[in-house]
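A short write-up of the structure that comes next.
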Amino acid sequence: MNVLDSTCPFCGLDDPAMTVYADRLVQAVVSTRPINRYHVIIVPRIHAERLPDLPPDVAAAAIHLAQRVGGAIIDAGVPDGITYITEDDLTGQGYNLMAHWKLHVIARYRDDGVRLEWNRHDDPGGDTTRAQIAAAIRRQLAPAT
Ligand SMILES: [Zn+2]
Numbered sequence: 007m008n009v010l011d012s013t014c015p016f017c018g019l020d021d022p023a024m025t026v027y028a029d030r031l032v033q034a035v036v037s038t039r040p041i042n043r044y045h046v047i048i049v050p051r052i053h054a055e056r057l058p059d060l061p062p063d064v065a066a067a068a069i070h071l072a073q074r075v076g077g078a079i080i081d082a083g084v085p086d087g088i089t090y091i092t093e094d095d096l097t098g099q100g101y102n103l104m105a106h107w108k109l110h111v112i113a114r115y116r117d118d119g120v121r122l123e124w125n126r127h128d129d130p131g132g133d134t135t136r137a138q139i140a141a142a143i144r145r146q147l148a149p150a151t
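Numbering of the sequence shown is given in our numbering, commencing with residue 7 and proceeding in unit increments.
Laid out in structure tokens, this is it:
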């Protein structure tokens, strides 16, 4: 993780007209490519490509700011719902087009045509596979000895 990356458009981002909030750790800007109106992006001041790379105080600040921005969007945009979403690009294949971690706060409206496909089939491996996955993640969460 670098503190700043001079090639990254989100490092040193300074666009007061589009900024809804800024402090020393995080800022929130209206998206240039909005999914809907009232699509705000929470952007850490430091360059980190993945959520696990963020220092805990920055991650906490980003979540806290998303809570505040979400509340403000409810009042300002009168949406039917809000989508909070983020992605880590681990292989450079476009899961996160700009490799600077961001958290999107997106107002959602009935019939807005935006679809996240969550209606997936059950895992064909069943509970055995699910338990194996749970164990694998638990091992990674365990403190180093
Ligand atoms: Zn950056």
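Just so it is clear, CB atoms sit at the ideal spot from N, CA and C, and this is done for glycine as well.
(message) Less than 7 Å between the beta carbons of Val46 and Val36, yes or no?
(response) Locating residue 46 in the sequence shown gives position 40, counting from the first residue. Locating residue 36 in the sequence shown gives position 30, counting from the first residue. For Val46 and Val36, yes; Cβs fall inside 7 Å.
(request) Pick helix, strand or coil for Met7, following the three-state DSSP scheme. (result) If you number the sequence shown from 1, residue 7 lands on position 1. Low per-residue confidence applies at Met7: pLDDT is 46, beneath 50, and the placement is therefore not dependable, though the value from the model is reported in the following sentence. Coil, per DSSP.
(request) Measure the Cβ-Cβ separation of Asp94 and Arg56 and say whether it is below 7 Å. (result) If you number the sequence shown from 1, residue 94 lands on position 88. If you number the sequence shown from 1, residue 56 lands on position 50. In contact: Asp94 and Arg56 (Cβ atoms closer than 7 Å).
(request) Alpha carbon to alpha carbon, how far is Ile139 from Met24? Give it in angstroms, no decimals. (result) Taking the first residue of the sequence shown as position 1, residue 24 is located at position 18. Taking the first residue of the sequence shown as position 1, residue 139 is located at position 133. Cα to Cα, Met24 sits roughly 41 Å from Ile139.
(message) Rounding to the nearest angstrom, what Cα-Cα distance links Ala54 and Val32 in this structure?
(response) As a first step, residue 54 must be located in the sequence shown, where it is residue number 48. As a first step, residue 32 must be located in the sequence shown, where it is residue number 26. Spanning the two alpha carbons is a distance of roughly 12 Å.
(request) Give the range of the beta strand (DSSP E) segment to which Ile48 is assigned. (result) As a first step, residue 48 is located in the sequence shown; it is residue number 42 there, counting from the start. It spans 45-50 - the beta strand (DSSP E) in which Ile48 sits, taken as one unbroken run.
(message) Counting C-beta neighbours from all protein chains within 10 Å, is the total for Leu60 16 or more, i.e. buried, or is it exposed?
(response) For this step, residue 60 is matched to residue 54 along the sequence shown. Leu60 is buried by the Cβ-count criterion.
(message) If I measure Cβ to Cβ from Gly87 and keep anything under 6 Å in the same chain, skipping five residues before and after, which residues do I get?
(response) Translated into positions along the sequence shown, residue 87 becomes position 81. These residues qualify, in order along the chain: Arg114.
(message) Does Thr89 come out as helix, strand or coil in the three-state DSSP assignment?
(response) Along the sequence shown, one-based indexing puts residue 89 at 83. Correct three-state label for Thr89: strand.
(message) What would DSSP say about His70, mapped onto helix, strand or coil?
(response) Within the sequence shown, the letter at position 64 stands for residue 70. In the structure shown, His70 sits in a helix (DSSP, three-state: H, G or I).
(message) Let's see if you can read the secondary structure: which residues bound the alpha helix (DSSP H) around Ala142?
(response) By 1-based counting over the sequence shown, the position of residue 142 is 136. It spans 132-147 - the alpha helix (DSSP H) in which Ala142 sits, taken as one unbroken run.
(request) Keeping to the same chain, check which residues put their C-beta closer than 7 Å to that of Ala72; ignore five residues upstream and five downstream. (result) Residue mapping note: residue 72 aligns to position 66 of the sequence shown, counting from 1. Counting only Cβ-Cβ distances below 7 Å, and skipping sequence neighbours, we find Ile48, Tyr90, Leu109, Val111.
(message) For a quick check, are the C-beta atoms of Val75 and Ala105 less than 7 Å apart?
(response) Start at 1 with the first residue of the sequence shown, and residue 75 comes out as number 69. Start at 1 with the first residue of the sequence shown, and residue 105 comes out as number 99. Going by C-beta atoms, Val75 is not nearer than 7 Å to Ala105.
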